[in-house]
Structure formats: structure tokens, C-alpha cells
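Working notes, structure below.
In UniProt numbering, the protein residues as written are 1 to 870.
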């Protein structure tokens, strides 16, 4: 090939002032190292959820009133049988006090047997009576009698299966965490009026997890017959953070293996150390810039810097390969570095730019943790353009090589030509046609397999952790021993003020609860109508026949009069009543069944209410008038059913709504409108049309449902944008549609195969795995760009495709093969991680890096053979 036109520019701009540039890089690296030293772990619950999703709008609206999804559960298990021993109750009291004292815990939302808000209700001659489950005189009373009384109160309170295990061998403390709270340690500051200024700080979930783990150790050490189980988002994040710390170990292993491989490839200590150095500099810059921009690093994103290091080494190998080749041709090291830099700065820049844009497409997903990952990865890849395409050749230019080294390079290049001749056959017919057919078949297999890929978690427990982790074993214990757990979804029944005093409203909520309770995977359900039925039975001497909702609207309010808002079953105005649904697990299929059941009930409920309206209208108008009226009323009834009740739990009556809408539109005559509204006003129940609006969703599973829907909605647009970005960059770089097809089609095949692999390995598409697909495409395109950027030059010189491919392999074949292996080995060490999501990422990225390399080596030249005439 002729001399690269960029060489004079590269020489005058960079290499003639190389000392200045190297000094500048050193200064910036020192500054970035300072910023990196300020890096903090930044874990937040809100970052993990799609805050703009419909369900999360409900969650945020009612978070303060009913508590959020961010709970922790501390279950104490008695090793000696039932919990009714002095040792156990002392341990429970100490644990309860410790949990309340953790910074970030909402003390008003802590529930245990010792909580004053946990009360029982019973019927007596005077009516309903009640009190705390553990009476005030408990500490001084005879323990045998006191424990009998507490057990009796537990049964009366209906907390068996919730705060006490079904077999009475365990008791639980449930606590709600603030996302931020007023810092009690902060120095008091007053405003101009002398009022204290709130100084809010974010809850540090890692610190909360550490305190919970310390509680476990202390309780188990002091009370040997008590075992502690802890679950909840904060504890899970703490365990992930602990496991993420071990990633340093895997990085060191990958670093050593990579160093050995680079040395084996280059046969030079200098050429081994320099790409490792510049890749490390890139990581320092990445983390420094991240800190300077005000970001921390989430435990879920802690692998990204190590991925950047691996990408840096792979591009560094391309550079040292170019230098070695030029030295083998007789260039001096200085000139060889200039030529290598000029030859690789465009394809390398395009490859890294495609990586950057691929990562930035993750910004389309409205989940902050993925957006932060996108920023972290994009910064890292962007700085590689500077460190590995500019700094590395500048540093190499200062080195020198012996004659024996140069002869060794020439000898190795000559010996590899046999392999390149064999591989060049894939750029000739009929082998090219066979490879393309195989590629198409693999693509079809991948597409077929990808159709069964599930969105969401496919296993019980925390998917980020191994199934045999302490956290997941604790989750299994709570799920088996209790009727509740962290896997809860709350659907809020919104209605008018004092809606709980209307029988038809309470009956609708009760019917809704019954339908959800019978969905496969539902463990238990709780709602206000359920409490009303229990109390109504108590008022009737415990007669099961009376364990129903009282139709008498004078009795109905009495059955719920003692239910406090702290139970989470109603708000102060009795206009919002959550239906809590506890699940056996949070598998994607379980969540989907519950959400679909809730939506189908709402659709059936609306249809039933509309039918009642049409029956009323049918009695007031002629048969000929009914059908046109239904066509006018139907969209208006749909619109009315979606109206919110507003801050005061009020919305216009259906009659007022129809009066306003139909008067504006003039769709029916005034006399006919008056007939319809008069009939509705006379015959609709007092509570009105569709008086209950069910809103999804709060609770941990509500968050998961929203996240699953957000991930599913983002998957296709994200991939479209990734491929559009890669395609556009290839078109700009190669100025060839055929060349772009050669590079992009292998990526599509690998993407489909990767999704099929996820199906086969039972890896769900989640917040953790969705970015992997984009990362695989963004990084996988590098191989194709490096190969085709060389190959198209030879083709344009008049060479045949097979000759062009052979010459390309002589120049860059070693580097591409080695790069694929380096990247794959670098991420394959993650498979050994104690964290399941890191192991899953390791499997997926190893597969995508290797198969993308094979696609570039075999499928790309085969496509070029069919698309180019020579």
C-alpha cells in the first residue's frame, strides 16, 4: 500500500512535539489521579427504578403515606423450637431497638411484636376491645402466663405469617428506609426567622447493610439459640458491594494473564508494559472525570473500568502490531510509530467512537443506573482514543529494538503466511457462499431462540447474587416460614372520601383481592375489606357465616373503626385503600400473571359498570335511540373512568361530566341529554359510576413490574439506535454501502445468537443484562472495522477480494485474533465472581467477543466476496 496521507500531519502535530505531549498527558493523569482518590461508592434505590413509568408515578405519589418499596426484614429464628422463651424475646427487643437506631430507618414504619402500633382486636360484651400484642405489664408478669397471653394476642391480631412465622419458631422486624433523611449529626443552622434548616442526606445503603450485618453478628454471639435472617434492598446492595470488592482479585488475575499474553505476542517487555500502562492511564482518567462530574460508582457498574482496561489493551495490541510490522519492513522505531499511528488513528478512532455511541444509546433507557453506566463506559472509551491511539505510539517512539528482535518479527510474520493463505479461502467462491449460508442459518437459529428470551428475573431470590448466597438462603427461609416477604406488590384502590363506608366500593375491592389471591404464585393478600370481614365475624361471636362484608352501611364503618393508618391499609380520609399481594417469588412470569390479572379485572369492572349505565339509558330512551347514544357515551365513559380523584379525593359526578362534555360537543340534542342525565342521576348508586380506580403499583414487585416493562420497551429502540450509529459511522468511514453491510451483518447474527444463549442459560433480560447486548455490539464492531478498513484499501487498488483479505491478514490478522482472545480472557475471569450478575456478564461478553471475532474472520470476507465483483 502507498504511504498514508496522514503521516505528515501526525508527525508535525504530535511527534515533532512528543515531549510536550507526553508531559501534558502526565500532568492530566496526576490531576485525574487526585480526583479518582475522591471516588465514592454511590448506591441508591431510586437509581434502580424507572421513575417516569406509570407505576412509579403511583409509587412516588404515595411513598410518604404508605411507605415505599425499600424495606428491610430482620427475622429472628429460635433454634430451640417456638419463640416463647425469655432469651428469644430479649433478643427480639434488642434487635428491634438496634433496627430503629439505624440512620435512614423511618422509625414510624418499624413493625415488630414490640411495636405499639401492632395491636389486636377482640369482641367483648362492651363491643370491640384491643391493645398492643405485647402488653405493658409483660416484663413484670409471670413469663409462662405472659407468653400464653402474647401467643393469644398474636392470633387475635392476625399477624401470624406476617410478623410471626406460621410455625411460631421465628419473629420478624419490618423497617421502611427513607431515601433521604434529616442528618442528626449536622451542625444546627437557622434561617432568617430563626427556624432550623433541614439538612437532608441520602441514605447510605452500604452503611445500612453493614449495620444490619453487625446486628446479626452481635445477636447470634450473645444469644446462641437465635439465628438471624436479613433481606431487603439495602442488605442486597451491601452484599453486592462486598462481592464487588472481590472484583479487584479477578482484575489482578486478568491483568497477569493479559500481560503474559501480550508478552508472548510481542516478545518484548517494553511492548508489553506500554499498552498496559496506557490502558491503566485510561482507567485513571475515566474514574477521575467521573468524580469531577459529581458522580460516584455504583456497585452494579464496578466492572466497567475493568472492561475499559481490556478494551484499551486490545486496541494497544493493534498499535504494537502496526509498529512491529513497520519495524520488520526496516523502519526506524520513531518512523514505525508515526506510520502505525497514522494508519490506525482513523479506523481505531471510528471503532472507539462506535463503542462510545453504542454506550450512549443506553441513555434512552429511563433508569438512572443504566444511564450512569452509559456515562461511565462512554467516558472510558472516549479517553482511550487519546491514551491508546496517541499516547501509546508517542511512548513507543522513545523505545529501541535489537536486530535480533527485528529478525524475530520478520520470521514470525513469514511463518504466519501459511495460516493467512488458508483463511483467505473464505474470501473465494464456493467457500464464501457456504459460509454465508451457515451465517444465515445461525442467524435464524438465533432469532428462533431469542423469541423465548424472558424479560425480568427467572429465579427466586436476588438475581445479582448466587442462589447459595446467604442473602438468597435468608430469602428462602422467609418465603417458606412466612406468608409475606419482600416480594410484595400493592395495588391502590382510589375512591372518594370515606369510600370505605360504602358497601359497593368495599365489595369491589374485596372481589379484586379475591381474584388476585387465586393467581398462581400468590402467597397471600391483605386488604381493608378482609379486616372488615374478620371483625364482622368477631361481632357475631366468631360465627364463620358472618365473616362477610356487612351490607348495612351503619355497621360497615364500625368494623374498620379501629384500623389505624399505620397498618398501611388505608389513608386518613379512607379514600385510598391498598391491596397488598405477597408473592412466592419475583420471577418474571409470576409478576406478569399478577399484573395481567389486575388489568383484566379493571377491564371487566369497567365493562360491568358501563353495562349498568347502558341499562339505565335503555330504560329512558327508545330502542332506535339507544345504539347511537352508546356510540357517543362509550368514549366518554372510558375518559371518565381514568379521571383521578385529586388531592381532596373528589371528582365531578358522571352526570356533571356528561353535561359538560355533551353540551360542548353537541353530539346529542338538549332534550335527549336531559333525559339521559336525569335517568342516570335517579338510578346510579350514591357512590357513582365506577367509584373505584385501581392504580398499579407500589411495593418491591411493583417496582420490578415497572422495571421489566421499561426494559422490554427500551430493548428494540436501543438496538435500533446502536445499529444506526454503527451503520452511520461505517458509511462515513468506508464510503461504501457494501462495506457497511459486510461489517454490520455479522454483528446482527451475533446479537441474535447472544439472545438465544440467554434463553438457553436462563438469563433474563434485566437492568443488569440489557446493557451487555449494546456493549457487545459496540465493542464487537471493532474487529470488522480494523479488518475492512485495511481490506477496502487493497480492493480499491485493484486487488481481488481474496488477495485483499490475504494482505489484510498479513497486516492485522495477528492483532485481531489476539485482541479477541485478550478481551474474552479479560472478561471470562468474571465468571468466577461470587455475584451472579457479574458471572452472567462474563459469560455473555466472553461469548460475544469471541463470536464477533469469528464473524469478522470468516463471515465478513465471505460477504465481501459475494458483494464485490473482483
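Cβ atoms here follow ideal geometry from the backbone N, Cα and C, with glycine treated the same way.
Measure the C-alpha to C-alpha separation of residue i and residue j and round it to an integer number of angstroms.
i, j, result
"residue 244", "residue 92", "32 Å"
"residue 1", "residue 420", "Unreliable positioning characterises residue 1 in this predicted model, as indicated by a pLDDT of 45, which lies under 50. A coordinate reading is not provided."
"residue 472", "residue 480", "12 Å"
"residue 672", "residue 664", "15 Å"
"residue 216", "residue 475", "15 Å"
"residue 12", "residue 342", "12 Å"
"residue 478", "residue 75", "7 Å"
"residue 769", "residue 837", "8 Å"
"residue 358", "residue 398", "35 Å"
"residue 619", "residue 638", "21 Å"
"residue 394", "residue 467", "49 Å"
"residue 716", "residue 366", "14 Å"
"residue 180", "residue 200", "6 Å"
"residue 609", "residue 574", "22 Å"
"residue 651", "residue 691", "10 Å"
"residue 775", "residue 431", "31 Å"
"residue 682", "residue 511", "26 Å"
Along the chain, where does the beta strand (DSSP E) containing residue i start, and where does it finish?
i, result
"residue 181", "180-182"
"residue 489", "488-494"
"residue 578", "576-583"
"residue 651", "Run containing residue 651: none; DSSP gives neither H nor E here."
"residue 904", "Lying before the first or after the last residue shown, residue 904 is absent from the chain, which here runs from 1 to 870."
"residue 76", "71-78"
"residue 232", "226-232"
"residue 109", "105-111"
At a cut-off of 7 Å, would you count residue i as near the ligand FMN, judging by its Cβ distance to the nearest heavy atom?
i, result
"residue 754", "Looking at this structure, you won't find the ligand FMN or any other ligand, since it has none at all."
With distances taken between CB atoms, is the gap from residue i to residue j smaller than 8 Å?
i, j, result
"residue 852", "residue 750", "yes"
"residue 118", "residue 136", "no"
"residue 754", "residue 694", "no"
"residue 289", "residue 379", "yes"
"residue 39", "residue 240", "no"
"residue 495", "residue 505", "yes"
"residue 879", "residue 586", "Because the chain spans 1 through 870 in this model, residue 879 falls outside it and cannot be assessed."
"residue 704", "residue 773", "no"
"residue 323", "residue 351", "no"
"residue 167", "residue 483", "no"
"residue 856", "residue 779", "no"
"residue 212", "residue 230", "yes"
"residue 79", "residue 225", "yes"
"residue 783", "residue 816", "yes"
For the alpha helix (DSSP H) containing residue i, name the first residue and the last one.
i, result
"residue 25", "18-37"
"residue 814", "814-828"
"residue 153", "143-157"
"residue 522", "No alpha helix (DSSP H) holds residue 522; the beta strand (DSSP E) holding it covers 522-526."
"residue 698", "Taken as a continuous stretch (DSSP letters only), residue 698 belongs to no alpha helix (DSSP H), being part of the beta strand (DSSP E) at 693-698."
"residue 200", "Per DSSP, residue 200 belongs to no alpha helix (DSSP H); it is in the beta strand (DSSP E), 200-202."
"residue 398", "Where residue 398 is concerned, there is no enclosing alpha helix (DSSP H), given that its DSSP letter is neither H nor E."
"residue 641", "623-641"
"residue 114", "Unbroken run through residue 114: none, as it is neither H nor E."
"residue 605", "588-618"
"residue 246", "Where residue 246 is concerned, there is no enclosing alpha helix (DSSP H), given that its DSSP letter is neither H nor E."
"residue 571", "Segment: none, residue 571 is in no alpha helix (DSSP H) and carries neither H nor E."
Buried or exposed, going by whether 16 or more other CB atoms sit within 10 Å of the CB of residue i?
i, result
"residue 268", "buried"
"residue 317", "buried"
"residue 518", "exposed"
"residue 448", "exposed"
"residue 767", "buried"
"residue 418", "exposed"
"residue 264", "exposed"
"residue 628", "exposed"
Check whether the stretch 651-662 touches the stretch 563-579, counting contact only when three or more Cβ pairs, one atom from each stretch, lie closer than 8 Å. no
Under 8 Å: do the stretch 366-379 and the stretch 285-303 share three or more Cβ pairs, one atom per stretch? yes
So, do the stretch 440-455 and the stretch 755-763 have three or more beta carbon pairs nearer to each other than 8 Å? yes
Do the stretch 727-743 and the stretch 801-813 touch if we need at least three Cβ pairs shorter than 8 Å? no
Cβ contact check for the stretch 808-825 and the stretch 269-287: 3 or more pairs under 8 Å: no
Cβ contact check for the stretch 528-536 and the stretch 82-97: 3 or more pairs under 8 Å: no
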